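What follows is a short report on a single structure.
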Ligand code: ADP
Ligand code: MG
């Protein structure tokens, strides 16, 4: 617990990779669930107009009265967008397709890259007075390095990069690293790459193994030990509106996300101690 008089700041992690289908949303949902299961209070911010994180957490479209669109356009406080999920301690600020138009709407605004950061700062202030504050905020980014992703990087402490264990895994990674560096130098000096999460790993596939060794050679200790296996239960869970940890706790995917959560927390302690 934070000492009295000091507001505990949530750790803000952006899940980013401009490639689609690499496991950003799946990792946001299931890392979030695993963190909540071990006692953290977690908010998932859905910043993808597709709203897959919201759907995967069981939030139907008609329930999304206040979304991240309203927050970023300045119409609503982030607190009003926060919804409960079936997982105690896990909350979501949902998105809708309205987000597609946001970039154009705010492209002339001077603070266009800082909208999310300011919204989160407002939330932390209010929380201090009211409910128990969030300890983790996970931002599910769209598959693009657009203004939404820049908002996420401007607000985040660190970036988690899901990489699918497939032939083109490393393609685009240098571009992402460059963008993170640019945001770090121009607007958010505390931004770091927290780590690379290898997803959809298939031990029976030689190519998967080759990709793992290439990525480990290129990114070194930034790569998490935990690899998320390709697992059919993981891909089934969203259609039930549930994190895989609720859908099938014992499956290999759930167990991997629990290990990832403890590795994330260990790294956080390392970062704090350094
Ligand atoms: P992104 O958010 O990067 O676009 P998703 O998390 O939506 O990627 O994942 C893309 C697809 O792959 C989804 O259909 C998801 O269910 C599936 N998927 C993700 N991780 C796994 C896994 N470990 N095993 C099997 N399927 C997975
Ligand atoms: Mg996604």
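Numbering (this note's numbering), first residue to last: 782 to 1055.
Virtual Cβ for every residue (Gly too), placed ideally from N, Cα, C.
Keep in mind it's a predicted model, so treat the numbers as computed, not measured.
Would the beta-carbon of residue i fall within 9 Å of that of residue j?
i: residue 853; j: residue 929; result: yes
i: residue 938; j: residue 975; result: yes
i: residue 797; j: residue 942; result: yes
i: residue 971; j: residue 904; result: no
i: residue 924; j: residue 1022; result: no
i: residue 1019; j: residue 810; result: yes
i: residue 947; j: residue 981; result: yes
i: residue 873; j: residue 827; result: yes
i: residue 1006; j: residue 1044; result: yes
i: residue 950; j: residue 897; result: no
i: residue 886; j: residue 940; result: no
i: residue 795; j: residue 934; result: yes
i: residue 1008; j: residue 979; result: yes
For residue i, is the classification buried or exposed, using 16 other Cβ atoms within 10 angstroms of its Cβ as the cut-off for buried?
i: residue 987; result: exposed
i: residue 804; result: buried
i: residue 832; result: buried
i: residue 962; result: exposed
i: residue 824; result: buried
i: residue 763; result: Residue 763 cannot be examined here, being either before or after the span of the chain that is shown, 782 to 1055.
i: residue 984; result: exposed
i: residue 1010; result: buried
i: residue 869; result: exposed
i: residue 875; result: buried
i: residue 945; result: buried
i: residue 843; result: exposed
i: residue 921; result: buried
i: residue 967; result: exposed
i: residue 867; result: exposed
i: residue 786; result: For residue 786, the predicted structure reports a pLDDT of 42, less than 50, and the residue's modelled location is therefore unreliable. A value from the coordinates is still provided. Its Cβ having fewer than 16 others within 10 Å, residue 786 is exposed.
i: residue 820; result: exposed
i: residue 851; result: buried
i: residue 888; result: exposed
i: residue 989; result: buried
i: residue 1065; result: With the chain covering only 782 through 1055, there is no way to say anything about residue 1065.
Kindly list the residues whose CB is nearer than 8 Å to the CB of residue i, restricted to its own chain and excluding five residues on each side of it in sequence; keep chain order.
i: residue 899; result: 892
i: residue 782; result: Unreliable positioning characterises residue 782 in this predicted model, as indicated by a pLDDT of 47, which lies under 50. The coordinate reading is nonetheless provided below. Answer for residue 782: 789, listed in chain order.
i: residue 995; result: 950 and 951
i: residue 1042; result: 812, 815, 816, 818 and 819
i: residue 858; result: 852, 900, 903, 904 and 907
Locate the alpha helix (DSSP H) running through residue i, then write down its first and last residues.
i: residue 882; result: 880-887
i: residue 958; result: 954-967
i: residue 829; result: Residue 829 -> no alpha helix (DSSP H), and no H or E assigned at all.
i: residue 859; result: 859-862
i: residue 947; result: From DSSP, residue 947 is part of no alpha helix (DSSP H); its letter is neither H nor E.
i: residue 1030; result: No alpha helix (DSSP H) holds residue 1030; DSSP gives it neither H nor E.
i: residue 839; result: Run containing residue 839: none; DSSP gives neither H nor E here.
i: residue 997; result: 987-1000
i: residue 1017; result: 1013-1017
i: residue 926; result: Residue 926 -> no alpha helix (DSSP H), and no H or E assigned at all.
Excluding the five sequence neighbours on either side, which residues of its own chain have a C-beta within less than 7 Å of the C-beta of residue i, listed in chain order?
i: residue 1014; result: 1025, 1028, 1029, 1032 and 1034
i: residue 1051; result: none
i: residue 800; result: 924 and 953
i: residue 931; result: 894 and 964
i: residue 863; result: 824, 872 and 874
i: residue 1062; result: The structure shown does not extend to residue 1062, since the chain is modelled only from 782 through 1055, so no value can be given for it.
Taking the beta strand (DSSP E) that residue i falls in, what are its first and last residues?
i: residue 794; result: 792-796
i: residue 978; result: 973-982
i: residue 1004; result: 1004-1010
i: residue 873; result: 871-874
i: residue 921; result: 917-921
Can you find the residues in the same chain that come closer than 6 Å, C-beta to C-beta, to residue i, ignoring five residues on each side of it along the sequence?
i: residue 960; result: 926
i: residue 977; result: 942, 944, 1000, 1003 and 1004
i: residue 992; result: 946 and 950
Using beta carbons (cut-off 9 Å, strictly below), is residue i in contact with chain B?
i: residue 835; result: You won't find chain B in this structure, because it holds only one protein chain.
Does the segment 912-919 come within contact of the segment 875-884, defined as at least 3 CB pairs closer than 8 Å?
no
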